[in-house]
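A.B. asks: With the numbering used here applied, the sequence shown corresponds to residues 333 to 838, in that order. Let me begin by handing over the structure; questions about it come next.
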Amino acid sequence: MSSPPTLTYFPTSLPRKDFAWEVLEMGDVLELLEPFCASTLGYRALRDLGPRPVEEARAALEHIREMRELITQETVPSLAGLADPLPKDPYDLTAYDEDRYAKLRGFLDAAGRLTGWFADHEHVAPRLYQVLLALPDVKPLLARIDLTVDERGKVRRDASPLLQRLERRIEELNGLVNVALRAVLAKAEVRQVLSDSAVHRRSGRPVLAVRAKSAGRVRGIVHDRSQSGESVFIEPREVIELGNQLAAAQSDQRREIERVLIELTRAIIERLDRIHEVAAGLIEVELAWIGAGFCLAYGAHPALQPGDKGASPSLLLRSARHPLLIDQAKRGEIEAVVPIDLRLGDAFDMLIITGPNTGGKTLALKTAGLFSLMTRAGLPVPCEEGTTIPLFEGIAADIGDEQEIRQNLSTFASHLVRIQAGLQRANPETLVLLDELGGGTDPDEGAALGEAVLETLLKRMAPTLVSTHIGRLKEFAFRHPRAENACTEFDLKTLAPLYHLLVGTP
Numbered sequence: 333m334s335s336p337p338t339l340t341y342f343p344t345s346l347p348r349k350d351f352a353w354e355v356l357e358m359g360d361v362l363e364l365l366e367p368f369c370a371s372t373l374g375y376r377a378l379r380d381l382g383p384r385p386v387e388e389a390r391a392a393l394e395h396i397r398e399m400r401e402l403i404t405q406e407t408v409p410s411l412a413g414l415a416d417p418l419p420k421d422p423y424d425l426t427a428y429d430e431d432r433y434a435k436l437r438g439f440l441d442a443a444g445r446l447t448g449w450f451a452d453h454e455h456v457a458p459r460l461y462q463v464l465l466a467l468p469d470v471k472p473l474l475a476r477i478d479l480t481v482d483e484r485g486k487v488r489r490d491a492s493p494l495l496q497r498l499e500r501r502i503e504e505l506n507g508l509v510n511v512a513l514r515a516v517l518a519k520a521e522v523r524q525v526l527s528d529s530a531v532h533r534r535s536g537r538p539v540l541a542v543r544a545k546s547a548g549r550v551r552g553i554v555h556d557r558s559q560s561g562e563s564v565f566i567e568p569r570e571v572i573e574l575g576n577q578l579a580a581a582q583s584d585q586r587r588e589i590e591r592v593l594i595e596l597t598r599a600i601i602e603r604l605d606r607i608h609e610v611a612a613g614l615i616e617v618e619l620a621w622i623g624a625g626f627c628l629a630y631g632a633h634p635a636l637q638p639g640d641k642g643a644s645p646s647l648l649l650r651s652a653r654h655p656l657l658i659d660q661a662k663r664g665e666i667e668a669v670v671p672i673d674l675r676l677g678d679a680f681d682m683l684i685i686t687g688p689n690t691g692g693k694t695l696a697l698k699t700a701g702l703f704s705l706m707t708r709a710g711l712p713v714p715c716e717e718g719t720t721i722p723l724f725e726g727i728a729a730d731i732g733d734e735q736e737i738r739q740n741l742s743t744f745a746s747h748l749v750r751i752q753a754g755l756q757r758a759n760p761e762t763l764v765l766l767d768e769l770g771g772g773t774d775p776d777e778g779a780a781l782g783e784a785v786l787e788t789l790l791k792r793m794a795p796t797l798v799s800t801h802i803g804r805l806k807e808f809a810f811r812h813p814r815a816e817n818a819c820t821e822f823d824l825k826t827l828a829p830l831y832h833l834l835v836g837t838p
């Protein structure tokens, strides 16, 4: 027998390693978005988020545009109650409990309320409304849950006709037991030997606390003894038969509750595909909420793609600010974030950036790479309107020293490993980032290697950003029409870096 299919309602994620996830510190960036999560389901979706298929990324960016417009005009219904609606193994009958029923009920109810609200705001958010409108009808399942359990997930007394009858019978028997016990307690000879006058329960049976030395004066069944041994708990014989009937009715009640819940759970399992679709739709709505919150807090915008109205035909960053630096500025660790303007792919496929160390060359590469990755994940980027970022099929990066530390490689050897990997992937749809090309070895050797690498990348028409301090590589752009120089600006008087990028100036 084949195993049931694995259900996942989180967005499809492409391999993170194909987009330089670790090098570009995308995990740290996702942490910046966590405060904008409204629910545990949204938090999980954000933490699992990766580069998305092209059409999903485009749709996610459109959803963020609509949600940003909505939350500046309206009070959007809270998404806070959205919890993961299904257990780890949703096909396991024993995996469902009161808490799970309550979460699923709240989840399905939220889907209905959100759909209704967005129907009234379709003129502002037509795409988000279509996401919700396309969800399968789960109202019959919600009605079935409501007939069986309450908001806390507890079985209703009237969940079945038999349960109703048993509930009435148990109430009746409890009343008769109480009458019988009051009659026993009315006897002076019984009151004289009691440790206290309360009616206790042991194993579900009604008992009286009798002083152990006088236990023989109350006829009945001893069910328990106190820790001190000074009291015994006796079920008086006057209530034993009623207690037996009550225990039998309670046993029948437990069996009926179990049967009712099994039926409900089977109904849920039969509709797992629908629940899965609803969860996937609500996650898209919350990801739009998260992205819109990030937009307002970080001055971010969903990037345009080439071909969109008002877009550049290629990569164009306008006043791009790295989100991790914005966070540092918010916390007072740095004074301000200098915005970066950068373009690539219109008049040239390769930009060779030169300038002083710590002048912002690496930051320019990382910002362009990170923004490309965030856009491919369907997230907005801190920039000005009009920023255009193609949905690259991959990002190959040689930035930083994390691999050489782990693998005990020399600086030059680690560069070679990453450069070779980048060349293998180089094509017009893969963004290539090479930091300090030709560094870590003899300048002449580095220049020769760098020129060979740049020649190969140009032949493959790979969009490439390069930083270097080697003079021969600065001259490369003069000999190749599809390459261009840029430099990081510095103060002519103090020689301090200004972190501005000047395209067209070596």
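C-beta: ideal position from N, C-alpha, C; glycine also.
1. Just curious, the alpha helix (DSSP H) that residue 447 is in, first and last residue?
2. Which residue from 386, 546, 810 puts its Cα closest to that of residue 522?
3. Measure the alpha-carbon distance for residue 376 versus residue 717 and round it to whole angstroms.
4. Please report the residue range of the beta strand (DSSP E) in which residue 682 lies.
5. How long is the line joining the alpha carbons of residue 505 and residue 491, rounded to whole angstroms?
6. Which residues in the same chain have their Cβ closer than 7 Å to the Cβ of residue 802, if we skip the five residues on either side of it in sequence?
7. Measure from the alpha carbon of residue 816 to the alpha carbon of each residue in 799, 822, 835, then state which is nearest.
8. Using the DSSP secondary-structure output, state which residues sit across from residue 510 in a beta bridge.
9. Can you name the residues that DSSP bridges to residue 563?
10. Three or more beta-carbon pairs under 8 Å between the stretch 645-662 and the stretch 691-706, yes or no?
11. Starting from residue 713, follow its DSSP beta bridges and name the residues at the other end.
12. Where does residue 730 land, buried or exposed, given buried means 16+ other C-beta within 10 angstroms?
13. Among residues of its own chain, excluding the 5 on either side of residue 766, which ones have a beta-carbon nearer than 6 Å to its beta-carbon?
14. Can you pull the DSSP bridge partners for residue 858?
15. In this structure, how does DSSP classify residue 538 when only helix, strand and coil are distinguished?
16. Would DSSP call residue 376 helix, strand or coil?
17. Please tell me whether residue 502 and residue 579 are closer than 7 Å, where the distance is taken between their beta carbons.
18. Leaving aside the five residues before and after residue 435 along the sequence, list all residues of the same chain whose C-beta is less than 6 Å from its C-beta, in chain order.
19. Work out the CA separation of residue 422 and residue 611 for me, nearest whole Å.
20. Leaving aside the five residues before and after residue 659 along the sequence, list all residues of the same chain whose C-beta is less than 8 Å from its C-beta, in chain order.
21. Applying the criterion that 16 or more other CB atoms from any shown protein chain within 10 Å of the CB defines a buried residue, is residue 558 buried or exposed?
22. Who pairs with residue 819 in a beta bridge, going by DSSP?
23. Mapping DSSP to helix, strand and coil, what is residue 517?
24. Can you grab the Cα-Cα spacing for the pair residue 812 / residue 763, in whole Å?
25. Return the CA-CA distance between residue 600 and residue 590, expressed in angstroms with no decimal places.
26. Taking the straight line between their C-alpha atoms, what separation do you get for residue 683 and residue 635?
27. For residue 796, write down the residues that DSSP places opposite it in a beta bridge.
28. Rounded to a whole number of angstroms, what is the C-alpha to C-alpha distance between residue 453 and residue 467?
29. Excluding the five sequence neighbours on either side, which residues of its own chain have a C-beta within less than 6 Å of the C-beta of residue 481, listed in chain order?
30. Pick helix, strand or coil for residue 611, following the three-state DSSP scheme.
31. Give me the Cβ distance between residue 710 and residue 392, rounded to the nearest whole Å; I'm assuming they're in contact under 8 Å.
32. Just checking, does the stretch 614-627 make contact with the stretch 643-650 on the three C-beta pairs under 8 Å criterion?
C.D. replies: With the structure as the only source:
1. Indexing the sequence shown from 1 puts residue 447 at position 115. Here the alpha helix (DSSP H) through residue 447 covers 430-452.
2. Mapped onto the sequence shown, residue 522 falls at position 190. The option with the nearest alpha carbon to residue 522 is 546.
3. Residue 376 sits at position 44 when you count from the first residue of the sequence shown. Residue 717 sits at position 385 when you count from the first residue of the sequence shown. Going from the Cα of residue 376 to the Cα of residue 717 covers about 30 Å.
4. The residue labelled residue 682 in the question sits at position 350 within the sequence shown. Membership of residue 682 in the beta strand (DSSP E) is indicated by the continuous run 682-686.
5. Here residue 505 refers to the residue found at position 173 of the sequence shown. Here residue 491 refers to the residue found at position 159 of the sequence shown. Taking the CA atoms as reference points, residue 505 sits about 21 Å from residue 491.
6. For the purposes of this step, residue 802 is identified with residue 470 of the sequence shown, where counting begins at 1. Excluding sequence neighbours, residue 802 sits near 770, 775, 778, 779, 782.
7. Your numbering for residue 816 matches position 484 in the sequence shown. If we check each option's Cα against that of residue 816, 835 comes out closest.
8. For the purposes of this step, residue 510 is taken as residue 178 along the sequence shown, with counting starting at 1. For residue 510, DSSP assigns no beta-bridge partner whatsoever.
9. In the sequence shown, the residue the question calls residue 563 occupies position 231. For residue 563, the pairing in a beta bridge is given by DSSP as 543.
10. Output reads yes: the stretch 691-706 touches the stretch 645-662.
11. In the sequence shown, the residue the question calls residue 713 occupies position 381. Under DSSP, the beta-bridge partners assigned to residue 713 are 633.
12. Stepping through the sequence shown from its first residue, residue 730 is reached at position 398. Buried, since its Cβ has 16 or more Cβ neighbours within 10 Å.
13. Within the sequence shown, residue 766 is the residue found at index 434, counting from 1. Cβ neighbours of residue 766 beyond the five flanking positions: 730, 798.
14. With the chain running from 333 to 838 in the structure shown, residue 858 is simply not present.
15. Taking the first residue of the sequence shown as position 1, residue 538 is located at position 206. Strand.
16. Sequence index remark: in the sequence shown, residue 376 carries index 44 (1-based). Of the three classes helix, strand and coil, the one that applies to residue 376 here is helix, per DSSP.
17. Your numbering for residue 502 matches position 170 in the sequence shown. Your numbering for residue 579 matches position 247 in the sequence shown. No, Cβ-Cβ distance for residue 502 and residue 579 is not below 7 Å.
18. Translated into positions along the sequence shown, residue 435 becomes position 103. Excluding positions up to five away in sequence, the list reads 415, 417.
19. If you number the sequence shown from 1, residue 611 lands on position 279. If you number the sequence shown from 1, residue 422 lands on position 90. Each residue's alpha carbon lies about 14 Å from the other.
20. Working through the sequence shown from its first residue, we reach residue 659 at position 327. Counting only Cβ-Cβ distances below 8 Å, and skipping sequence neighbours, we find 364.
21. Along the sequence shown, one-based indexing puts residue 558 at 226. So residue 558 counts as exposed.
22. Taking the sequence shown and counting its residues from 1, one reaches residue 819 at position 487. 686, 834.
23. Numbered from its first residue, the sequence shown carries residue 517 at position 185. Looking at residue 517 - three-state DSSP - the assignment turns out to be helix.
24. Position 480 of the sequence shown, counted from the start, is the residue given in the question as residue 812. Position 431 of the sequence shown, counted from the start, is the residue given in the question as residue 763. Rounded to whole angstroms, the separation of the alpha carbons of residue 763 and residue 812 is 19 Å.
25. Reading the sequence shown from its first residue, position 268 is the one you call residue 600. Reading the sequence shown from its first residue, position 258 is the one you call residue 590. Roughly 15 Å separates the two Cα atoms.
26. Counting from 1 along the sequence shown, the entry for residue 683 is found at position 351. Counting from 1 along the sequence shown, the entry for residue 635 is found at position 303. Answer to the nearest angstrom: the Cα atoms are 21 Å apart.
27. As a first step, residue 796 must be located in the sequence shown, where it is residue number 464. Answer is 682, 764, bridged to residue 796.
28. Reading the sequence shown from its first residue, position 121 is the one you call residue 453. Reading the sequence shown from its first residue, position 135 is the one you call residue 467. About 17 Å.
29. Numbered from 1 along the sequence shown, position 149 holds the residue referred to as residue 481. These residues qualify, in order along the chain: 433, 487.
30. Locating residue 611 in the sequence shown gives position 279, counting from the first residue. Of the three classes helix, strand and coil, the one that applies to residue 611 here is helix, per DSSP.
31. Numbered from its first residue, the sequence shown carries residue 710 at position 378. Numbered from its first residue, the sequence shown carries residue 392 at position 60. Right, their Cβ atoms sit about 3 Å apart.
32. Result no; under three Cβ-Cβ pairs closer than 8 Å.
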